[in-house]
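Numbering (the numbering used here), first residue to last: 7 to 422.
Comments concern the structure below.
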């Protein structure tokens, strides 16, 4: 399968020349190994028992040849982390170690955090801009710079294509398959989490159907700040039974260890001019295709009366996935803004290293009205010195600026 360049490649191009060890974290199946092995001279696959045994016999790493060394699925042998950290302390050259992991270790007792020695990068499933459908013409980093440059570009990517992008996933090994195969593979991915990945973390799922119901409730809450107590209420089974709160907390914690949950935190500005900001996270799974599968949605059903109520939230999840990938490359964080009473909301806030912010609204439509941008105007009035630009992400075909200066950008045309 042809390798599609990833946005994280831009970060690795820069950081490997300056850093001795980089850890790439993210859920299984997103291409961490493919990205890392292309930059490695030797690779150790620690999900292979034989290779684990060899390294276990000598954690000094002093006999490993020169060049860039990859330790894939390092969490299978957590002591490797400490060995790499010691080598960095001893003066390992830049670009010496890459570590990839699809779960936090079940037991980190005695393992050093690696702070100051091992740089961690989050890798996510592929955003639309990485999938090769359309060449982006608008740069998120440039929008965040505040230059307010003219926008241009047209796209043939339409609403039906976005529905297809939601359900096909950003997993490289899945997204190019036929739709029926995609559905089977995503369902198998979710089943593997229950049957193998969670037990590997030391968490036994006693009632898989209850976990599946909780995941479906979480998926149905995509792009919302629904309280976890309400998610628990919707997890009640047909027999009236409901899992204990401690059980669902354990679900949340262990699924987070697998990078399967990817909530967006509430925005907390350094100088908060509005004390009513809500800090509850917006719920998102690692990929909107996982949510669509849990909710029994296809590309066709999302555009039908049966699934129309989910099309907007899952499109926002698709947008959020891409924005987070791009923002990381721009050294920016992503959050959302909502007042406690919900009378003001901004779907996404991208905040740069210098404190400049990019306010983003997401709309599952091609046209943008004045009412669609009223919260963006409010944001600019609240923190005029911080706002670098304001954007509405749509399913339209053309990128342009409104007369009020707000950018309108189809998702397919937005890149890093």
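For every residue, glycine included, the Cβ atom is placed at its ideal position computed from N, Cα and C.
Who are the Cβ neighbours of residue i in its own chain at under 8 Å, not counting the five residues just before and after it?
i           : result
residue 68  : none
residue 99  : 26
residue 411 : 154, 396
residue 10  : 132, 136, 137, 138, 178
residue 14  : 30, 41, 127, 129, 331, 334, 335
residue 21  : 28, 125, 127
residue 44  : 9
residue 23  : 100, 101
Does the Cβ-Cβ distance between residue i and residue j come in under 8 Å?
i           : j           : result
residue 30  : residue 150 : no
residue 322 : residue 229 : yes
residue 123 : residue 27  : yes
residue 135 : residue 328 : yes
residue 399 : residue 379 : no
residue 422 : residue 292 : no
residue 36  : residue 73  : no
residue 407 : residue 157 : yes
residue 241 : residue 219 : yes
residue 370 : residue 401 : yes
residue 90  : residue 304 : no
residue 390 : residue 403 : no
residue 168 : residue 324 : yes
residue 237 : residue 227 : yes
residue 317 : residue 144 : no
residue 326 : residue 274 : no
residue 1   : residue 142 : Because residue 1 is not part of the residues shown, which for the chain are 7 to 422, the question remains open.
Just grab the DSSP bridge partners of residue i for me.
i           : result
residue 357 : 339, 363
residue 412 : In DSSP, residue 412 forms no bridge with anything.
residue 406 : 414
residue 125 : 28
residue 87  : Answer by DSSP bridge pairing: none, since residue 87 is not bridged.
residue 283 : 345
residue 160 : 404
residue 291 : 267
residue 272 : 342
residue 351 : 344
residue 421 : 145
residue 43  : DSSP, once it has assigned bridges, lists no residue as partnering residue 43.
How would you write the range of the beta strand (DSSP E) that residue i sits in, first residue to last?
i           : result
residue 216 : Counting along the chain, residue 216 falls outside any beta strand (DSSP E), though it belongs to the alpha helix (DSSP H) covering 214-226.
residue 395 : 393-400
residue 49  : 48-51
residue 106 : 103-107
residue 75  : 75-78
Let me check understanding here. Comparing Cα to Cα, which of the options lies closest to residue i?
i           : options            : result
residue 298 : 142, 182, 191, 409 : 191
residue 267 : 10, 235, 131       : 131
residue 108 : 92, 102, 79        : 79
residue 34  : 408, 53, 164, 362  : 53
residue 170 : 7, 309, 411        : 309
residue 87  : 65, 153, 224, 362  : 65
residue 385 : 404, 362, 403      : 362
residue 359 : 339, 376, 62, 81   : 339
residue 243 : 168, 234, 214      : 214
residue 177 : 32, 330, 259, 377  : 32
residue 8   : 61, 142, 40        : 40
residue 198 : 420, 296, 352, 106 : 296
residue 93  : 82, 106, 75        : 75
residue 373 : 255, 294, 381, 413 : 413
residue 82  : 208, 175, 96       : 208
residue 17  : 60, 165, 101       : 101
residue 387 : 420, 51, 57, 350   : 350
residue 71  : 59, 409, 95, 46    : 46
Only counting the same chain, and skipping five residues up and downstream in sequence, which positions put a Cβ closer than 7 Å to that of residue i?
i           : result
residue 217 : 200, 211, 257
residue 232 : 289
residue 418 : 134, 139, 140, 161, 163
residue 235 : none
Report yes or no: is there a C-beta of chain B within less than 8 Å of the C-beta of residue i?
i           : result
residue 181 : Considering every chain present, this structure includes no chain B. It has just one protein chain.
For residue i, which residues of its own chain have a beta-carbon under 6 Å away from its beta-carbon, when the five flanking residues on both sides are left out?
i           : result
residue 284 : 272, 344, 346
residue 364 : 149, 150, 356, 394, 395
residue 203 : 264
residue 261 : 267
residue 125 : 25, 28
residue 319 : 228, 229
residue 181 : 174, 175
residue 19  : none
residue 352 : 343, 365, 381, 385
First and last residue of the alpha helix (DSSP H) that includes residue i?
i           : result
residue 170 : 165-174
residue 15  : 13-21
residue 56  : 55-62
residue 387 : 380-388
residue 197 : 185-198
residue 258 : 251-263
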